[in-house]
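The next block holds one structure in the form of structure tokens; read it before the comments.
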RNA sequence: GCCACCGUAGCUCAGUGGUAGAGCACUCCCUUGGUAAGGGAGAGGUCACGGGUUCAAGUCCCGUCGGUGGCUCCA
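Numbering (the numbering used here), first residue to last: 16 to 674.
Set out below in structure tokens:
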């Protein structure tokens, strides 16, 4: 039989089957030693699984250096999950295993166990794991036909594994497989599709990292599991390196930087999930709003303002209430009447009422109404996270009312706007998701035919624009499909920032219309869109993106003047006055400290430019420029600095002051 | 909302039932200095809050509030 290797070369074998290990040995002893698994016709598999027919084969190897590729880590972590499960069952024999997959950065195992596993237990678990790894037991696969397999599982009585097996069978599996860490019927085993590394000894370094509650099938009503998380690498150095990276990521966390740089605060007495924007944070927000609003005005939007509350009937008409009543602040009841008001959870109903406040001709369309609209949502307490998930936030919201013919063009323009915005801030790691309805669910409002049309329109526009995207069924808004722009935070959590949503539904609910060319009344189509998403979340991601070092145009404090000593306070004040007059946000550090100390503080505050002034500068009318990243740039005349700094601001930071 | 963990000075943290601590920040004094922390002194605490156990609670137990990590949810 013929085995084709990745370089295109072909190895012939007389006997069949062969294993990937045999192929590796035939190539070289070094390769065989480094082999941990194989990819056979693109499918990741065990090193010792028989290959029964001609195939393309790639050997997955343990890396010489560095953490290794995704396949090698997948095998390693999947295997470590087994070792951890065995360790946990040694410590708590009554523990029932459910499901233990590898993840991008590690693995977890869902375990049904009444005794809570605490962080104090991690060491014990790791100690047991270490023993299993040191025993270097092989991962041994055995298979049973579905009937025998189900019988074996039935005897064990673990309903989760029975459920997993049943699903595999329903999915077309013709055998059930187990992996034994060691010898069949002698050592610990787990129902598992595999694949795994050849033996436990391949696991170089591992760590149990956290424990959390999860639910069977993700159903909150169903059985509870303890989800124990861990990670594994081939070497201790790689694990240490990973943990170090985690620590560095933590230093970029917007909650840490936000506090350190005095950008925002959250106060217990004000309330959970309610952001207090401190002066520096508010400055950044204000600059962001100005930037976007200027862009919107260029693109034919009109600015509107609407109140923070509305009568509950408005949201009954829109469908937001009671659809989202669980995640809204409860209605405000009036003293002397039945009337109820709601803190506004969405801006759209208000904008619809602005549209509807006067009759419209087709000649008026599209109408684009924009507002930095503050909304309130009662997010579950366990969901609140810094500025990324909050209870009161301001959307950079706008609603476009257009004709059916204009939909694709408007939609395209909004997607371009979002891309322009993201590009301005230098976001590179943005994924785009087309969020569609789940055809099997009844939570979506409106006519399925409209849904199909809307979904297709979005798909076509994205395809036309050549934008790569993924489709996600069941992620649509209840009133329409949407395109979401998703960015990950420093600890890898995905957050939706920008969104563009197509809506045939609300226009119908509110019966809004325009007069068409043929003098008939037609219903406009709505596009909801928010490039930032919310000011709070955008700010959070921006803080992490820049690690607090905002580009000059966004920096709350752009320049800090550092006199060498109090003797030059006069000249320093003159410099500050000049900078302020030029519109640069400037402060003066006149503390009784040496310049080294002043620099350290300014660096920590991420001030883009430090201007150090002393006797030489006073005499020459210069400032000595220190840029926060580049360091000392030397002395230039103040006027020159101002000119160059202003150019950098104008360009949104694409050039820096030169000397 | 659920589970686990956590809550000590403005911040980062030490304090394993027996007199509340350190570094940084802050105030004052000395120092007047050229590119990432000069020196000294001082002030700052109902140990989140409420209850309990104990001769004695920051420390043990219960509850509440808040935070963190997940789960579930996210117009």
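Where is the CB? At the ideal position from N, CA and C, for every residue including glycine.
As the structure is a prediction and not an experimental result, all values here were calculated from the model.
If you reduce the DSSP assignment to three classes, tell me which class residue i lands in.
i	result
residue 332	helix
residue 188	coil
residue 231	helix
residue 379	helix
residue 225	strand
residue 117	strand
residue 203	coil
residue 513	strand
residue 321	coil
residue 397	helix
residue 649	strand
residue 340	helix
residue 352	coil
residue 84	coil
residue 76	strand
residue 241	strand
residue 418	coil
residue 541	strand
residue 456	coil
residue 508	coil
What residue range does the alpha helix (DSSP H) around residue i cover?
i	result
residue 658	653-665
residue 422	422-439
residue 285	From DSSP, residue 285 is part of no alpha helix (DSSP H); its letter is neither H nor E.
residue 254	251-267
residue 214	Per DSSP, residue 214 belongs to no alpha helix (DSSP H) and is neither H nor E.
residue 368	363-370
residue 523	520-524
Per DSSP, what are the beta-bridge partners of residue i in this structure?
i	result
residue 625	575 and 641
residue 632	The partner list for residue 632 (beta bridge, DSSP) is empty, contrary to what the question assumes.
residue 312	DSSP lists no partner for residue 312.
residue 291	280
residue 386	412
residue 65	34
residue 347	356
residue 71	19
residue 450	487 and 497
residue 220	248
residue 549	410
residue 503	509
residue 193	157 and 206
Since residue i is in the beta strand (DSSP E), which residue starts that stretch and which ends it?
i	result
residue 17	17-19
residue 54	50-55
residue 392	Unbroken run through residue 392: none, as it is neither H nor E.
residue 404	First-last for residue 404: undefined, no H or E at that position.
residue 27	25-27
residue 535	That residue, residue 535, is in no beta strand (DSSP E); it is neither H nor E in DSSP.
Touch test, the segment 370-390 against the segment 315-322, Cβ-Cβ under 8 Å, three pairs minimum: yes
Which residue spans inside the segment 469-496 form an unbroken beta strand (DSSP E) run of at least 3? 485-488
Kindly confirm or deny that the segment 80-88 and the segment 127-147 touch, where touching means at least three C-beta pairs closer than 8 Å. no
Does the count of Cβ pairs from the segment 540-551 and the segment 247-255 closer than 8 Å reach three? no
Going along the chain, which unbroken runs of the beta strand (DSSP E) with 3 or more residues stay wholly within the segment 103-185? 111-114, 122-127 and 154-159
Does the count of Cβ pairs from the segment 187-194 and the segment 157-167 closer than 8 Å reach three? yes
Any chance the segment 346-360 sits against the segment 389-396, with 3 or more Cβ pairs inside 8 Å? yes
Taking only runs of the beta strand (DSSP E) that begin and end inside the segment 551-617, which ones reach a length of at least 3 residues, in chain order? 574-578 and 601-603
Inspect the CB distances between the segment 461-481 and the segment 551-560 and report whether three or more fall short of 8 Å. no
Is it the case that the segment 414-434 contacts the segment 529-546, given that we only count it when at least three CB pairs across the two stretches are under 8 Å? yes
At a cut of 8 Å, does the segment 559-566 reach the segment 259-272 through at least three beta carbon pairs? yes
Can at least three beta-carbon pairs, one atom from the segment 82-96 and one from the segment 110-125, be found at a separation below 8 Å? yes
With contact counted as at least three CB pairs below 8 Å, one residue from each stretch, are the segment 522-530 and the segment 620-637 in contact? no
Touch check for the segment 209-218 and the segment 61-68: three-plus C-beta pairs under 8 Å? yes
Below 8 Å, how does it come out for the segment 455-462 and the segment 506-524: are there three or more Cβ pairs, yes or no? yes
Could you tell me whether the segment 218-232 touches the segment 194-202, where touching means 3 or more Cβ pairs closer than 8 Å? no
The segment 298-306 in contact with the segment 565-585 per 3-pair CB rule at 8 Å: yes
Tell me, please, whether the segment 480-492 touches the segment 439-459 by the rule of three or more beta-carbon pairs shorter than 8 Å. yes
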